Amino acid sequence: MSAAQFCLIAELENNAVCYNSPMLGVFTGVAAGSASALMAYAVRGRSAALFAPSVYRGTAARRSVALTFDDGPSPGTEQLLDILGGHGASATFFQCGMNVERFPQTARAAAAAGHEIGNHAWSHPLFCRLRPAAIDLEIGRAQDAIRQAAGVTPRLFRAPFGVRWFGLREAQSRRNLMGVMWSVLGRDWKLSGEAIAARVLRKVHNGAIVCLHDGRELHPRPDLRATLEAVRILLPALRARGFAFETVSQIVCPTTH
Numbered sequence: 003m004s005a006a007q008f009c010l011i012a013e014l015e016n017n018a019v020c021y022n023s024p025m026l027g028v029f030t031g032v033a034a035g036s037a038s039a040l041m042a043y044a045v046r047g048r049s050a051a052l053f054a055p056s057v058y059r060g061t062a063a064r065r066s067v068a069l070t071f072d073d074g075p076s077p078g079t080e081q082l083l084d085i086l087g088g089h090g091a092s093a094t095f096f097q098c099g100m101n102v103e104r105f106p107q108t109a110r111a112a113a114a115a116g117h118e119i120g121n122h123a124w125s126h127p128l129f130c131r132l133r134p135a136a137i138d139l140e141i142g143r144a145q146d147a148i149r150q151a152a153g154v155t156p157r158l159f160r161a162p163f164g165v166r167w168f169g170l171r172e173a174q175s176r177r178n179l180m181g182v183m184w185s186v187l188g189r190d191w192k193l194s195g196e197a198i199a200a201r202v203l204r205k206v207h208n209g210a211i212v213c214l215h216d217g218r219e220l221h222p223r224p225d226l227r228a229t230l231e232a233v234r235i236l237l238p239a240l241r242a243r244g245f246a247f248e249t250v251s252q253i254v255c256p257t258t259h
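In this text, residue positions in the sequence shown follow this note's numbering: the first is 3, and each later residue adds one.
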């Protein structure tokens, strides 16, 4: 494996994606296959503790689901809040610090509506491109921005792109943050609203943590029409199946498998 590049085999879009990383020295002398497996583990090892422990589902004992939304807030978040409120549904928002700084009133509105607010880093970087000190700064800046804008201190953290890396465990522990992944990925950045809803309804289960988006990384005005359409379909459909809507903190059950 080259000392200039490594291949992170991620299932984010079922493609192999190559990234430059300042941490490549860690892999000097490591076989390419073993290093690639470690890269994949950064995403796929959902509950593993090598980079940072995370939960990815809730208890199966209750008929409940946690809807989560990443990358916001954005102008479309207000419409999403109206849809959720109309159905009396709670959700969890993993917010990027830069977007919180852009739309502080929206961040505050989500918290005021009773939704849970989680940390999704400051600028939505790939952590495998960063050194531990930079990862710590990303999380700390976002934590401060959310606290100032929304008036709450996040206790949950989701890594951008779901990619965890060296230094994340310490950064989470320092702030008493619980890592959160997901068990159902809506792929709402690429599918139509109907297709997103169908995918979630096909994969949903007791204790599911569903990952959707109310932003598109740091885009100031993302197109959320597909996500909003999907949520309009999902809320009554899930309730008809007997699911209750809970926040991540209400639903989680730490697991190692």
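The C-beta atom is built at its ideal place from N, Cα and C for all residues, glycine as well.
Predicted model, so just to flag it, every value in this text is computed and none were measured.
Inter-residue Cα distance where the pair is V206 and V186: Working through the sequence shown from its first residue, we reach residue 206 at position 204. Working through the sequence shown from its first residue, we reach residue 186 at position 184. Cα to Cα, the separation comes out at about 7 Å.
Return the chain-ordered list of same chain residues with a C-beta closer than 6 Å to the C-beta of H259, the five sequence neighbours on each side being excluded. Looking up residue 259 in the sequence shown gives position 257. The predicted model places H259 with a pLDDT of 38, which falls under 50 and marks its position as unreliable, so this point remains unresolved.
Could you please give the first and the last residue of the uninterrupted beta strand (DSSP E) stretch that includes L69? Looking up residue 69 in the sequence shown gives position 67. Under the DSSP assignment, L69 falls in the beta strand (DSSP E) whose first and last residues are S66 to D72.
What residues in its chain sit with their C-beta under 6 Å from that of A173, if we drop five residues either side in the sequence? As a first step, residue 173 is located in the sequence shown; it is residue number 171 there, counting from the start. Within its own chain, the residues whose Cβ lies closer than 6 Å to the Cβ of A173, once the five positions on either side in sequence are excluded, are I137, D138 and I141, listed in chain order.
Assign T94 to one of three DSSP states: helix, strand, or coil. As a position in the sequence shown, residue 94 is number 92, starting the count at 1. DSSP places T94 in strand when its eight states are reduced to three.
Leaving out the 5 sequence neighbours to the left and right, which residues in its chain are closer than 7 Å to G74 when beta-carbon positions are compared? Locating residue 74 in the sequence shown gives position 72, where the first residue counts as 1. F95, Q97, N101, D216 and G217, listed in sequence order.
Let me confirm a value: T249 is counted as buried when at least 16 other C-beta atoms fall within 10 Å, else exposed. Which label applies? Numbered from 1 along the sequence shown, position 247 holds the residue referred to as residue 249. So T249 counts as buried.
Closer than 8 Å to chain D by CB, G188: Looking for chain D here will not work: only one protein chain is present.
Nearest CA to the CA of V182: which residue from I235, T70, A147 and A113? The count along the sequence shown starts at 1 and reaches residue 182 at position 180. Checked all of I235, T70, A147 and A113; the closest Cα to V182 is T70.
Out of Q252, T61 and L52, which one is the CA nearest neighbour of R157? Working through the sequence shown from its first residue, we reach residue 157 at position 155. Out of Q252, T61 and L52, Q252 has the C-alpha closest to the C-alpha of R157.
Spatial distance of V212 from A135 (CA atoms): Numbered from 1 along the sequence shown, position 210 holds the residue referred to as residue 212. Numbered from 1 along the sequence shown, position 133 holds the residue referred to as residue 135. Going from the Cα of V212 to the Cα of A135 covers about 30 Å.
Considering only residues of the region 79 to 140, which uninterrupted beta strand (DSSP E) runs meet the minimum length of 3 residues and lie entirely inside it, listed in chain order? Listed in chain order, the complete beta strand (DSSP E) runs (minimum 3 residues) inside the region 79 to 140 are 94 to 97 and 118 to 121.
Could you tell me which whole alpha helix (DSSP H) segments of length 4 or greater appear in the region 214 to 247? The qualifying runs are 227 to 242.
Kindly give me the distance between the Cβ atoms of D190 and L214, rounded to whole angstroms, as I take these residues to be in contact under 8 Å. Within the sequence shown, numbered from 1, the residue matching residue 190 stands at position 188. Within the sequence shown, numbered from 1, the residue matching residue 214 stands at position 212. The Cβ separation is near 5 Å, so the contact holds.
Residues of its chain near V154, where Cβ-Cβ distance is below 8 Å and the 5 sequence neighbours each way are ignored: Counted from its first residue, the sequence shown places residue 154 at position 152. The residues are A113, I119 and I148.
Measure the C-alpha to C-alpha separation of F29 and R160 and round it to an integer number of angstroms. Stepping through the sequence shown from its first residue, residue 29 is reached at position 27. Stepping through the sequence shown from its first residue, residue 160 is reached at position 158. Low local confidence applies: a pLDDT of 45 at F29 is under 50, so the model's placement there is unreliable, with the coordinate-based value given in what follows. C-alpha of F29 to C-alpha of R160: approximately 25 Å in a straight line.
Leaving aside the five residues before and after V32 along the sequence, list all residues of the same chain whose C-beta is less than 6 Å from its C-beta, in chain order. The count along the sequence shown starts at 1 and reaches residue 32 at position 30. Confidence is the limiting factor: at V32 the pLDDT is only 46, short of 50, which leaves the residue's position unreliable, though a coordinate-based value still follows. Excluding its 5 nearest sequence neighbours in each direction, V32 has no C-beta neighbour in its own chain below 6 Å.
Can the beta-carbon of N121 be found less than 8 Å from the beta-carbon of L179? To locate residue 121, count along the sequence shown from 1; it is residue 119. To locate residue 179, count along the sequence shown from 1; it is residue 177. For N121 and L179, yes; Cβs fall inside 8 Å.
Can you tell me whether P224 is buried or exposed? The criterion is at least 16 other CB atoms within 10 Å of its CB, across all chains shown. Sequence index remark: in the sequence shown, residue 224 carries index 222 (1-based). Taking all protein chains shown into account, P224 has 16 or more neighbouring C-beta atoms within 10 Å of its C-beta and is therefore buried.
If I measure Cβ to Cβ from R227 and keep anything under 8 Å in the same chain, skipping five residues before and after, which residues do I get? Stepping through the sequence shown from its first residue, residue 227 is reached at position 225. Around R227, the same chain offers G195 as residues with beta carbons nearer than 8 Å, after the five sequence neighbours per side are excluded.
By DSSP's criteria, S56 is part of a beta bridge. Which residues make up the other side? If you number the sequence shown from 1, residue 56 lands on position 54. According to DSSP, S56 bridges with G181.
I'd like the span of the alpha helix (DSSP H) that includes V250, first residue to last. In the sequence shown, counting from the first residue as 1, residue 250 sits at position 248. Taken as a continuous stretch (DSSP letters only), the alpha helix (DSSP H) holding V250 covers V250 to I253.
Which whole runs of the beta strand (DSSP E) in the region 145 to 183 are 3 residues long or more, in chain order? Counting only runs of 3 or more, we get 180 to 182.
For T79, count neighbouring C-beta atoms within 10 Å of its own C-beta (all shown protein chains included) and say buried if the count is 16 or more, exposed if not. Indexing the sequence shown from 1 puts residue 79 at position 77. By the 10 Å Cβ count, T79 comes out buried.
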